[in-house]
Structure formats: structure tokens, C-alpha cells
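Shown next, in C-alpha cells, is the structure this report addresses.
Protein chains: 2
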Amino acid sequence: MAERVRLIDVAREAGTSVSTVSRALNGSDLISPEVVAHVRAVAGQLGYRADKRAQEFKLGRPLTVGVTVPDLTNPFFSEVLKGLNAAARAGGYRLLIGESSEDPAEELRLVDELVDYSGALVLCSSRLTRAGLEKALAQPVPVVCINRTVKNAGVVAIDYRAASRLLLEHLTGLGHRRVLYVGGPATSWSDGERRRTLRRTARALDVTLDEIDGGWSGNHGYDAGPTVLHSRATAVITFNDLVGIGLLSWMYDNGVEVPSELSVASYDDIPIAAYSRPPLTSLRNERAKLGELAWEQLTKRLAGADWPAPDLLTPELVVRASTGPARRRARIRAS
Amino acid sequence: MAERVRLIDVAREAGTSVSTVSRALNGSDLISPEVVAHVRAVAGQLGYRADKRAQEFKLGRPLTVGVTVPDLTNPFFSEVLKGLNAAARAGGYRLLIGESSEDPAEELRLVDELVDYSGALVLCSSRLTRAGLEKALAQPVPVVCINRTVKNAGVVAIDYRAASRLLLEHLTGLGHRRVLYVGGPATSWSDGERRRTLRRTARALDVTLDEIDGGWSGNHGYDAGPTVLHSRATAVITFNDLVGIGLLSWMYDNGVEVPSELSVASYDDIPIAAYSRPPLTSLRNERAKLGELAWEQLTKRLAGADWPAPDLLTPELVVRASTGPARRRARIRAS
DNA sequence: CGATCGGTTGCAATCGTTTGCACGCTAGGA
DNA sequence: TCCTAGCGTGCAAACGATTGCAACCGATCG
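Same order as they appear, the protein sequences are chains P and F. The working numbering applies: residue 0 is where the first sequence begins, and numbers increase by one. The working numbering applies: residue 0 is where the second sequence begins, and numbers increase by one.
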């Protein structure tokens, strides 16, 4: 907790003016090498550190990127953040992170606040309404959306069309003709995309697709257990792995064998998916890459270019023990 | 992407001076109510937003808290962040988050950088060396450590003494006399605490305690499988739930029955622990509260008070199916 | 020897906001 | 009527850095 050393202190000590010190430290070639060396030495000795607030204020360009995520504790988002953070840091930027708690109104408030501090915004899996999104895009900073397509902004997303096809083809390959989708939060664009692409692919593959509402956590999956059991589906696709693992847990607790009685597959392949019982078949996606690409789009934009075309990441199916051949006869079982 | 509106623009439009506008917007009681109303109206109409950079620069107090965590994707840290974020936001502060990737050198770099932007620092489960920590504390901002005790700083931590006692008493109650601890990262203070308190309590309870090195992820737990199997322990305590779940997975893959052949218990009780097979006995701690308390200590300190006494959070044992009575005879089993 | 030029350095303005201080106006009392 | 008190407002300085421009230096050239 020492006193701050300012430019003027260094100048006094070095016997020069503040402008010379500033230029010397910033590597201007106007200053003679000896002076530069001397100033640097003095600055180092005094422990001078530029006041970033003053610096950014004067320069007018914030070196901070604001990010919103629906839930910090969701592994999907943490990993996106990880990638984005690494990329931004490499580019000399810092991350200001806001958590909306899955609440569109809170997310709007966050955007409103982050924009005051940031030179750019990244909305990760935005839960914003269409109108809210418009407002966010009207802010005087460039905006990139992760997992949400929108005009006049950068877009980086998972290719859910490919994803859903991979999942359904895997299941039909195992003989499943009736599949149930356990959905995610209603505000989630990616849930909408999963539904849309599943429906479309199901039609193409002549699979019967049922849908129920779920959520984003293990509890949601667990709670969906009874409904799933009473459906006529032989395979279930869950919104994400947390839901999938919760569902597996209910099945175990209630004596339903997976995959012999019911197959379960999911999106995302978070690390823990490999360790569920049985290990969960899931769609691996490069979440960290999502963050990196968002940063890439941002830098291009900040450099003055137009928004590049959306980046779409194709996931890869990781087949594990939670999916298997469809059972022959309809399940008969008391509730 | 519109032009910024500044105070001077509002002043011109409202027909007053900048100072009046500033005071009106900041609720100074020096200005007459009509003028305040008028200025507010004009400002709203023009869409004026204070330049936070200029504002904080002038005021000299950063409204940002810098936080470091070893790993953004670890549920423990995400939840601490969640709590801290909520508390700081309520107090009008924002979080600048840095991830050290479990690397002490990187963490030191982070601290060095965050301090330029922050009015306070929170080090969550710092992996810093003793010397590094000294350096961090020498920074001209108050520092709170979460899960690491240190002098001249705020301290918020889990009470590992109580934690280890709960775990060991639970296991001895089930008849276990030989327990193996699968450790965490060597740089982790909390791993050291867990070992220290486990040893001490084991001695008091007359339990034989063995220790092996592990890590912080599911893989670390899975990889520890063979060593655990060959040990003579009847119960295992893992560094955290991720390690525990990884270990359970290995046991399942290799036909070892849990808990009849081996009991497994762990620290932290992350949400997914309830959904492992079998569900994991673990120590629930209020991680979000850890973040909130850190913020509380910080506010007190920022208000000028001395550092309060360390806050210790006592965890609660959640007994699930992964622990059971000790088997009678030594396990005999081929590798 | 004086003018010029290239290379260094310092002065001072500037970014947008807050705030101490002084000023002007009005009203009330002497 | 004049002085004063008090309220409301504006002027200008300040925060700490960057940077255009002018000034200064010694050296070189005519």
C-alpha cells in the first residue's frame, strides 16, 4: 500500500520534463538513447507504473472487452470464457465479465453497464429478447454474439444443423425410430436451434421426434425422468450434458437400464460426461475456440473492417456407453 | 455506434454550464429543483452517458475489483466468482477476472496487471509462492485471499480442520481404520491444509493415513485408480469431487464395487457429485458465500477499517452412497 | 561568421469530469 | 435605502497522461 509514483515524480528525479519521460517510456524515437536509458532506469528504480485510467482516458480507447454469460458455473460458458480470455489477453485486452443468471432483463442491464467500460462487447449465448438485442447492437461499440445469429454483429456459433444430424444418424443407425428431445431454457437461442434442426433432420430421416421442456441443470434432467419413462421413445437427446447426467441418474435410481432399455445422448461433451455411469454419448465442440474466434472477429472489426462471415464450428460425435441398439418391443413398466 | 454525448453537449442544449449539469446529474443539493429536472430531461433526451473512464480518472477511485482464479472451468471457482460478482455488483463495483491456469508465474503476472485497473484484489485459492504473495501484498491496493491464510490481508477460507474431522469421523464410524488421501496440486494451499488436518485428526482418531499425489481433475482421479486399488486402505478421500468422480469411474471400469469394496469421499460437493454413480459422499461448503464474505472484508477495509479477523466457513457432510461399512478382510485381487 | 538544418527537448493544450471558490441575485432587516 | 445573508450558478483548476508545436542546441555549409 505505497504511494503512487507519477510521471512528474520520475521527471523530477531524472531531471527532465514529463513529456520526455512519457516519450522515453513509450519508445518514441525522438528521444536520444542515453536519455531513454536513464529515464527507464529512474522509472524502474522508483517503481513507476502508468496510471491506466489516466492513460486510457487520454487515449480514448478502452482496452477492455465486456462479456456476458448466462451462468458462470456452467462448464460450457467457463470454457468459452477461457478461450476468449486467453485470446484477448494476448491482444493486450482484458475481460470484464458479467453474469446474467439466465435473466434477459438482467442481461440488458449488464450490457448497459459494461458498455461504459468496454471498447467491445461479447454476448455469449445471449438470452436477450429480439428487442433487447437490437438495443445492445445500437451501443457505440462493436458486438460479437456467440451462439446466436444476428445481423450487423459478429457471429460465432456451433453448427447445430451438423450437430443434430450427427446425433440422429447415430441413433437411427442403432435402430431408433422414436426419439425424445428434452429441451433447455426457453430463452436460449441454441435450444431453439437444436429443436429446429432436430425436427428438420428427423423428418428427413423419417424419425418420430417428440419434445418436452427441460432446463439447463442436472436437476432439470432428473425431474424429467418420469415423463421420459412414460414416453414411447427408445432414445433421448438432452439439451446438454448436465441435463443428460441428471436424467441418467434418475434412470439408475428407478432401475431403468441404460442403454439396453433407453439410449441417452447429448450436446456439448463437458469433461464430466466421460465419467457418468454409463459414460454419456455426446457432441464434442471446441468451446474455447468459440471464444478465440469471437476475439478474432472483434479484432478485425476494431481494425476497421466489416464484420466477417459467421464462423460455424462443426462438432464431433463422441460415442460412449449411454447409447446402444434400440430395444425390440415397447417398454412395459409400472410408474 | 453513435457519437458520444458529453457533458458539454448537454450543457449547451440545456443552456447552462457543465458544472451545473454535472451537479444536477449527480444529485447535488446546490442546484434548484427546476434546473435539475430540466437538465435531467435534456440529458435523457440526448442520451447522455457519463464517460466512466474520465469519471473514475477524476475521482481517483477505481470501481473495479481484480480477481484471480487458477481455473475458470472448475465449478468451485465459478461459484466463488458468482458470489463475489453478485456482492461486488450490489456495491457498485465490477469484476475484472484473471485466470492463472494453475501457474504461479502467470498468477504473479496477472496480479501485476490487474492492480493497474483495480481498486482491490481478490486472490482465489492463490497458487503464488510465499515470495510471490509478499509481492502481491505490497501492491498499493487492499488484497483479500480466499482459501489461503496470510498476514496483512483479508482472509476467507473453509475450515479444513472441521472438514477433515467430519470426513474421518464419518469413515471411522463405518469401521474404516486405514484411509488413503488422493492429493491435489502441489501449489495448492488448501491441499496442504487438507493433508495437515487429515494427519492430525487421523492421529487423534487412531486411523492410519496414507497419501498419494493426484491433481484437480477427473483424469487425475481416474489415473490414480491402480495405485488406490493396490493400497491397503478401505476408504479413500479425494482432493475434490472431480478427482473423486474420476476415481469412481475407474473403479467401475475395473469391477471394483463401491462402497462394498472401497469407500470414497471427497471435499466440495459440487452439483454433479449428487449424480455420479454411486452418488458421492462429500463436504458441502458455501462457495458463493466465500465470495460474498471476501467482498464484505474488502468493503470494511476500503472504508478505512483494519482487516477483520479471518472468516472461516464450516462445511457440512453430505453422506451419499459412495461410503459404506468397511469390508472385513484385506482385499485380494489381481491387478 | 551568420544562416540553416536535423536532432532533441520542453511548453502547453488536451481528453471529460468533478469541485472549490467567487460572483450575482434576491430578499429581509436595520 | 443600504448592507448582509444565503441561495444558486458559473469559472477555472485539477486528475495523469499524451502529443503538436515551438525552441533550443551544435554542427555544417555557403
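A virtual CB, placed ideally from N, CA and C, is assigned to each residue, including glycine. The structure displayed is predicted, hence computed values, not measured ones.
query: Beta-bridge pairing of P:R177 - partner residues as DSSP gives them; result: P:T207
query: Candidates P:R147, P:Q54, P:G174: closest to P:N25 by CA position; result: P:Q54
query: Where F:I269 falls: helix, strand or coil (DSSP); result: coil
query: Pick from F:I244, F:L120, F:V257 that is closest to F:R300, judged by C-alpha positions; result: F:L120
query: Three CB pairs or more closer than 8 Å across the stretch 309-317 of chain P and the stretch 278-296 of chain P; result: yes
query: For F:I7, three-class secondary structure by DSSP; result: helix
query: Contact with chain P by F:T72, beta-carbon distance below 8 Å; result: yes
query: Opening and closing residue of the alpha helix (DSSP H) in which P:T237 lies; result: Premise fails: P:T237 lies in the beta strand (DSSP E), 234-237, not in any alpha helix (DSSP H).
query: CA nearest to the CA of F:D70, picked from F:E295, F:P184, F:A272, F:L247; result: F:P184
query: Cα-Cα separation between P:L80 and P:E98, rounded to whole angstroms; result: 12 Å
query: Distance between F:A156 and F:D345 (C-alpha atoms, nearest Å); result: No answer is possible for residue 345 of chain F: the residues shown for chain F start at 0 and end at 334.
query: Supposed close pair F:S408, F:G65 - CB separation, criterion 8 Å; result: In this structure chain F extends from 0 to 334, so residue 408 of chain F is not present and cannot be described.
query: Segment contact flag, the stretch 71-78 of chain F with the stretch 263-275 of chain F, C-beta cutoff 8 Å, min 3 pairs; result: yes
query: Own chain residues within Cβ distance below 6 Å of F:I96, not counting five before or after; result: V66
query: Reference P:A320, options P:S262, P:G303, P:L292, P:E295, closest by Cα; result: P:S262
query: Reference P:N151, options P:L132, P:G90, P:A161, closest by Cα; result: P:L132
query: Residue-chain proximity (P:P139, chain F), Cβ-Cβ < 8 Å; result: yes
query: Residues from the stretch 261-278 of chain P in contact with chain F, defined by Cβ distance under 8 Å; result: P270, I271, A273, Y274, S275, R276, P278
query: Residue-chain proximity (P:P61, chain F), Cβ-Cβ < 8 Å; result: yes
query: Given P:E168 as reference, the closest of P:R198, P:V154, P:V140, P:V181 once Cα atoms are compared; result: P:R198
query: Start-to-end residues for the alpha helix (DSSP H) that takes in P:E133; result: 129-136
query: Contact set between the stretch 46-58 of chain P and chain F, restricted to residues whose Cβ is under 7 Å from the partner; result: R48, K51, R52, A53, E55, F56
query: Bridge partners - P:I157, DSSP secondary structure assignment; result: P:L312
query: CB contact below 8 Å: F:L338 versus chain P; result: Look at the range of chain F in this structure, 0 to 334, and you will see that residue 338 of chain F is not part of it.
query: Beta strand (DSSP E) segment containing P:R93, residue limits; result: 93-98
query: Beta-carbon neighbours of F:E343, restricted to chain P and to distances below 9 Å; result: No answer is possible for residue 343 of chain F: it lies beyond the span of chain F, which begins at 0 and ends at 334.
query: Contact under 8 Å by Cβ, P:L166 with P:D209; result: no
query: Helix, strand or coil at F:V110 [DSSP, three-state]; result: helix
query: Contact under 8 Å by Cβ, P:G224 with P:M250; result: yes
query: Interface residues of chain F facing P:D115 [CB-CB closer than 7 Å]; result: R48, K51
query: The stretch 226-252 of chain P: positions lying closer than 7 Å to chain F by Cβ; result: I244, G245, S248, Y251
query: Contact with chain P by F:S77, beta-carbon distance below 8 Å; result: yes
query: is_contact[P:E98, chain F] using C-beta, thresh 8 Å; result: yes
query: Cβ-based burial, P:V206 [other Cβ within 10 Å; buried from 16]; result: buried
query: Cβ neighbours of P:V317 in the same chain (closer than 6 Å, five flanking residues each side left out); result: D268, S281, R283
query: Beta carbon proximity, F:R283 to chain P, threshold 8 Å; result: no
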